[in-house]
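*Asks:* Before I ask anything, let me first share the structure, which is written out below as structure tokens.
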Amino acid sequence: MAFIADHIFWILLVSGVVTSSMLVAVIAPRLVFQQFFGTVLDGALGNAIMRNWGLVIGMSGLLLIYAAYDETVRTPIMLFSIVGKLFFSLQIFAAGSTLKAARGGAIIDLVIAVVFCAYLVGN
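As structure tokens, then:
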């Protein structure tokens, strides 16, 4: 736990940069979804959903970067991120082989959520 607390700035910064990379989906939703999920949603509605998803996830990443610099907002931002990352991971694993391409991202999100939980419990 001490290791996490000692390095929380860098943990938040790196996880925030990785998470905010999903902002690319706002500009190139089909490319991101094909690479990440192995499939895309067709049509205008699909593009709107993919862009919205990229914006929400990307903004979550920017909040994590902000939390790296401002201790006063860490707890609520980390809790928000934990809920989102756990929900996403559980959905991917519950889908079985259907969303196999996204398992890597789900594992990364799960690890980040566990690290954030360990930090919050220890502090």
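In terms of the working numbering, the numbers along the sequence shown are unbroken and rise by one, the last being 123. Note that beta-carbon positions come from the ideal geometry of N, C-alpha and C, so glycine has one too. Computed from a predicted structure; not experimentally measured.
1) With a threshold of 8 Å, are at least 3 pairs of Cβ atoms found where one atom belongs to the segment 81 to 88 and the other to the segment 25 to 44?
2) Let's test the definition: count the other Cβ atoms within 10 Å of the Cβ of Thr72 and tell me whether it reaches 16, buried, or not, exposed.
3) Do Ser15 and Ile112 come within 9 Å of each other at the CB atom, strictly closer than that value?
4) Can you tell which of Arg103, Ala67 and Val24 has the C-alpha that lies nearest to the C-alpha of Leu12?
5) Would you check if there are 3 or more beta carbon pairs closer than 8 Å linking the segment 40 to 60 to the segment 99 to 110?
*Replies:* Once the coordinates are examined:
1) No, the segment 81 to 88 is not in contact with the segment 25 to 44.
2) With fewer than 16 other Cβ atoms within 10 Å, it is exposed.
3) At the C-beta level, Ile112 and Ser15 come within 9 Å of one another.
4) It is Ala67 whose Cα lies nearest to the Cα of Leu12.
5) Using a C-beta cut-off of 8 Å, the segment 40 to 60 makes no contact with the segment 99 to 110, since fewer than three inter-stretch Cβ pairs fall below that distance.
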